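Engineer:
In UniProt numbering, the protein residues as written are 1 to 198.
Have a look at this one:
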């Protein structure tokens, strides 16, 4: 009889026939497989002895093209590598979003500065005599539009920064749990330029 130091429900699961246990595990994604492994010694042995479960998870979670090679691959290590790489790509994309929004904010600030310069010029005494009020009104309308755009962009920037912080925290927590030997090769190469993550 298998013994399980985790929740009683896991004990009931381990009392099922082995074939049924494997059928259930085959339906799980890679993250759930990792969670199951960490919850119980017997499940750890069961999953470790059936490495094809991570092969299925790679294919299902990441549409991973499984090819037959000369040596048996470490499917769990490949899953972890692919999972980390996906999170790093998400982090990189979010950083690009933040950079683009920051650039847009700078451009809008420049436009607002230009509007102030135009107002200063049109407000000169010699131009006030030639009825520049229409031009000033146009400048004012444009300024209001730019202000609205800047407000919207700043809201987007704040939200993007929050998502970036969340993505960074997820990667940091992930790397803290995963042995460096399973990190993607690209992460090892960039380790010196990613002090906040590694």
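Don't be surprised by glycine CBs; every beta carbon is placed ideally from N, CA and C. None of these values were measured; they are calculated from a predicted model.
Does the distance from the C-beta atom of residue 167 to that of residue 85 stay below 8 angstroms?
Structural biologist: Reading the chain shown from its first residue, position 167 is the one you call residue 167. Reading the chain shown from its first residue, position 85 is the one you call residue 85. Their beta carbons are not under 8 angstroms apart, which means residue 167 does not touch residue 85 by this criterion.
Engineer: Let me see if you follow: with CB-CB separation under 8 angstroms, is residue 180 close to chain C or not?
Structural biologist: Judged by its chain identifiers, the structure shown contains no chain C, having just a single protein chain.
Engineer: Go ahead and label residue 49 buried or exposed: buried means 16 or more other beta carbons lie within 10 angstroms of its beta carbon, across all protein chains shown.
Structural biologist: Position 49 of the chain shown, counted from the start, is the residue given in the question as residue 49. Burial is judged here by how many other beta carbons sit within 10 angstroms of a residue's own beta carbon; residue 49 has fewer than 16 and is exposed.
Engineer: Specify the secondary structure class of residue 178 as computed by DSSP and reduced to three states.
Structural biologist: Residue numbering aside, residue 178 sits at position 178 when the chain shown is read from its first letter. Of the three classes helix, strand and coil, the one that applies to residue 178 here is coil, per DSSP.
Engineer: By the three-class DSSP mapping on this structure, what secondary structure does residue 27 have?
Structural biologist: What you label residue 27 is simply residue 27 of the chain shown in a count that begins at 1. Coil, per DSSP.
Engineer: I want to know whether the segment 143-160 touches the segment 75-91 - three or more CB-CB distances under 8 angstroms.
Structural biologist: no
Engineer: Counting only the same chain and skipping the five closest in sequence on each side, list residues whose C-beta sits under 6 angstroms from that of residue 128.
Structural biologist: Taking the first residue of the chain shown as position 1, residue 128 is located at position 128. Residue placement at residue 128 cannot be trusted, given a pLDDT of 47 that sits under 50; the coordinates are not used to answer.
Engineer: CB-CB under 8 angstroms to residue 147, same chain, minus the five flanking residues each way: which ones, in chain order?
Structural biologist: Looking up residue 147 in the chain shown gives position 147. The residues are 112.
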